[in-house]
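What follows is a short report on a single structure.
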Amino acid sequence: MKVGWVLLGTLLAATVQAQEPPFPQKAPIEITVLFPAGSSADVTARLLADGMSKQLGAKVIVFNRPGAGGAIGYKYVAAQKPDGYSLVWNSNSVSTTYHSGMMPLDYRAFDAVARVLVESPVIAVHGESKWKTLVQLVADAKSRPKGITVGNSGIGSHTHISSVALFKAA
């Protein structure tokens with residue numbers, strides 16, 4: 004009889020599964036944005052954080068950690084416990100900072116959980132500029148090395164590397 008109870012207890016114990024408590028159990032959840040306050044990434048992340056806060060019933064806070072083409076923010080998040088409470092607003096700068104040697108982490112250091120936004124870098128000039136086409140801009144840049152200033156997201160960022168590559172290839 005004792006053996007029967009032991010067997011029954013063992014079978015019952017085997018059917019009970021350990022349950023993870025529902026996420027999130029603590030707050031706040033941090034979203035690190037790699038760009039300054041007011042940038043498109045910042046504005047979109049704040050809208051997302053507001054929606055996440057309502058959906059999850061937990062505070063979601065955006066922290067701006069700009070600089071070094073995103074390396075400052077990436078390094079911060081990589082140093083946090085991988086428990087889902089520290090997120091990074093990823094950008095393609097994860098590749099440029101890695102390949103330029105600014106950061107030992109590449110895209111494999113982080114797991115993507117959602118695609119929120121797709122941005123395409125553009126080259127824009129003043130409407131009254133003498134350049135009406137990209138060909139004209141590049142030709143002028145070639146004729147005046149270091150004579151044209153290009154704005155970008157920061158040294159080592161995707162927009163920086165892309166513009167350097169464009170003018171080098173032209």
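Residue numbering for the sequence shown is 4 to 173, as defined by the numbering used here. Ideal Cβ positions, reconstructed from N, Cα and C, are used throughout, including at glycine.
- Here the alpha carbon of Pro-124 sits roughly 11 angstroms from the alpha carbon of Asn-95.
- Annotation: the segment 92-139 contains no complete segment of the beta strand (DSSP E) (minimum length 3 residues).
- Taking 3 residues as the minimum length, the beta strand (DSSP E) runs contained wholly in the segment 16-63 are 32-36, in order along the chain.
- Only residues of its own chain outside the window of five on either side were considered, and among them Pro-31, Ile-32, Ile-34, Ala-52, Met-55 and Ser-56 have a CB closer than 7 angstroms to the CB of Val-63, listed in chain order.
- Under a 10 Å Cβ-count criterion, Gly-73 is classified as buried, with 16 or more other Cβ atoms of the shown protein chains found around its own Cβ.
- One Cα belongs to Phe-113, the other to Ser-146, and the distance between them is close to 43 angstroms.
- In the three-state reduction of the DSSP assignment, Val-80 falls in the helix class.
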